[in-house]
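Protein chains: 2
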Amino acid sequence: MKHGLSETCHLFFSTLANPARLAILELLRNGSKNVTEIAEGLNQEQSMISHNLQLLYNCGFVFPERRKKERFYSLNKETLEPLFKIFLYHAEKYCPTKGKCLTQNGLRRKRKMAAASPMCLSHQ
Amino acid sequence: MKHGLSETCHLFFSTLANPARLAILELLRNGSKNVTEIAEGLNQEQSMISHNLQLLYNCGFVFPERRKKERFYSLNKETLEPLFKIFLYHAEKYCPTKGKCLTQNGLRRKRKMAAASPMCLSHQ
DNA sequence: ATTTCATTTGAAATATATTTCATATTTCAC
DNA sequence: GTGAAATATGAAATATATTTCAAATGAAAT
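Quick note, the sequences are listed as chains G and V, same order. Each position in the first sequence, counted from 1, maps to that position plus 1387 in this note's numbering. Each position in the second sequence, counted from 1, maps to that position plus 1387 in this note's numbering.
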């Protein structure tokens, strides 16, 4: 299963494929924040935020900057804004429910009842 | 952890965040193929390919078309080509190793020895 | 140099996704 | 209709990722 793009894209997309990290990225669209502010803003454990920031940093999605004791993280807008733009266009065009949906397991479960409607982009 | 984008992007990115599915997408860049051809082309079980095609279909990344007994799948190039383009640009600019790397766990393990070098986009 | 605040780290516990194997469906040719 | 080919499905087995908790580190103020 090791193939050109498959080999190179996996970490890129799996870093984005997580609700906590997506929430962090979205929060940072409004400007850079330190770790505590992010944790409070999202109502999550600070150490969990740290772990996820590390993964985002490893992929170049956020940039850290030290100010006194704190560490501020800012968004890599160059990559992320066009990425989100593609996603939004795709969702608008291909998601019948316009973003009202389920996880992959949830989706599988639901299709049982409601029979294969293509494309549900979010999770409940 | 339910936040605008977080809520709507998760399935989109997690469907892409898988080596088997990325390999399928890459294979389909050379034109549409039926399930058996994909399975043989990637040297994987047919039923595993089917499962993954279903997920790709649910997200609108591939389009199925019936021809006799077979089912051909083609790529949603409108979404995927720009997406790959963004990825390639990002990797070129932010990945120090230009795509020679590890899974998230592997990366974590490696950073222990080689200390935090940012951005490694692939997996070994 | 001790204390305090902010953040990171490691490893176990937990949650989630993927693959496999056996079986079911679907479609077509006869 | 029966049989054979192509694909799909369900559920268990396996693999992988995430979160949590306790502890460690780092930076600054006193």
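Each residue gets a CB set at the ideal place from its N, CA and C atoms; glycine is no exception. Being a predicted model, the structure only gives us computed values, none of them experimental.
> Taking a cut of 7 Å between CB atoms, which residues from the region 1467-1478 of chain V lie near chain G?
Replying inline: P1469, L1470, F1471, I1473, F1474, H1477 and A1478
> How many whole angstroms separate the CB atoms of L1443/V and I1473/V, which I take to be in contact at a CB cut-off of 8 Å?
Replying inline: Indexing the second sequence from 1 puts residue 1443/V at position 56. Indexing the second sequence from 1 puts residue 1473/V at position 86. In fact, because the Cβ distance is near 19 Å, the residues do not count as touching under 8 Å.
>> So, for R1454/V: in the same chain, excluding its five sequence neighbours on each side, which residues have a beta-carbon less than 8 Å away from its beta-carbon?
In response: As a working mapping, residue 1454/V is identified with position 67 in the second sequence. These residues qualify, in order along the chain: N1421.
>> Just to confirm, is the Cβ distance from N1524/G to R1408/G under 8 Å?
In response: Summary: the structure shown does not reach residue 1524/G, with chain G confined to residues 1388 through 1511, and so no result is reported for it.
> For the putative contact between S1419/V and F1459/V, defined by C-beta atoms under 8 Å, what is the C-beta separation to the nearest angstrom?
Replying inline: For the purposes of this step, residue 1419/V is identified with residue 32 of the second sequence, where counting begins at 1. For the purposes of this step, residue 1459/V is identified with residue 72 of the second sequence, where counting begins at 1. Confirmed, Cβ separation roughly 5 Å.
> If you count every other CB in all the chains shown that lies within 10 Å of the CB of T1423/V, and 16 or more means buried, which is it?
Replying inline: Position 36 of the second sequence holds residue 1423/V. It is exposed - the Cβ of T1423/V has fewer than 16 other Cβ atoms within 10 Å.
> Whole-angstrom Cβ separation of L1475/V and L1415/V, contact assumed at under 8 Å?
Replying inline: Translated into the one-based positions of the second sequence, residue 1475/V becomes position 88. Translated into the one-based positions of the second sequence, residue 1415/V becomes position 28. Not really, about 18 Å apart at Cβ, beyond 8 Å.
>> Please confirm whether L1403/V has its beta-carbon closer than 8 Å to some beta-carbon of chain G.
In response: Counting from 1 along the second sequence, the entry for residue 1403/V is found at position 16. Judged by the 8 Å Cβ criterion, L1403/V is in contact with chain G.
> Is the CB of E1427/V under 8 Å away from at least one CB in chain G?
Replying inline: Residue numbering aside, residue 1427/V sits at position 40 when the second sequence is read from its first letter. E1427/V does not count as touching chain G.
>> Helix, strand or coil for R1458/G? Go by DSSP, reduced to three states.
In response: Position 71 of the first sequence holds residue 1458/G. Of the three classes helix, strand and coil, the one that applies to R1458/G here is strand, per DSSP.
> Is the Cβ of T1490/G closer than 8 Å to any Cβ of chain V?
Replying inline: Counting from 1 along the first sequence, the entry for residue 1490/G is found at position 103. Per-residue confidence for T1490/G stands at a pLDDT of 41, beneath the threshold of 50, marking its modelled position as unreliable; the derived number appears in the next sentence. Taking Cβ atoms only, chain V reaches closer than 8 Å to T1490/G, which makes this a yes.
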